[in-house]
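**Student:**
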Amino acid sequence: MFRSADRDPWRRLVTLFVLLLFLSRDSVAFVILQGSSLSLSFEDVQARF
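Encoded structure:
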């Protein structure tokens, strides 16, 4: 009982760490992919105004 209770928070921490890693990697790739489209949309906005 104590062992399982001691193992659960570690599992949560590991899952949170892995999720953060995947999220950061996805966010970096998302920013890199959206960078060109964002710059293009920004240029469009500048051209409109």
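To convert, count from 1 in the sequence shown and add 123; that's our numbering.
No residue lacks a Cβ here, since even glycine has one placed at the ideal position from N, Cα and C.
#1: Using a threshold of 7 angstroms, is the CB atom of Ala-170 nearer than that to any non-hydrogen atom of the ligand GDP?
#2: When you compare only the Cα positions, how much space is there between Thr-138 and Gln-157?
#3: Would you tell me roughly how many angstroms separate the C-alpha atoms of Arg-134 and Asp-149, rounded to the nearest one?
**Tutor:** To lay it out plainly:
#1: Looking for the ligand GDP in the displayed structure turns up nothing, as the structure carries no ligands at all.
#2: 27 angstroms
#3: 22 angstroms
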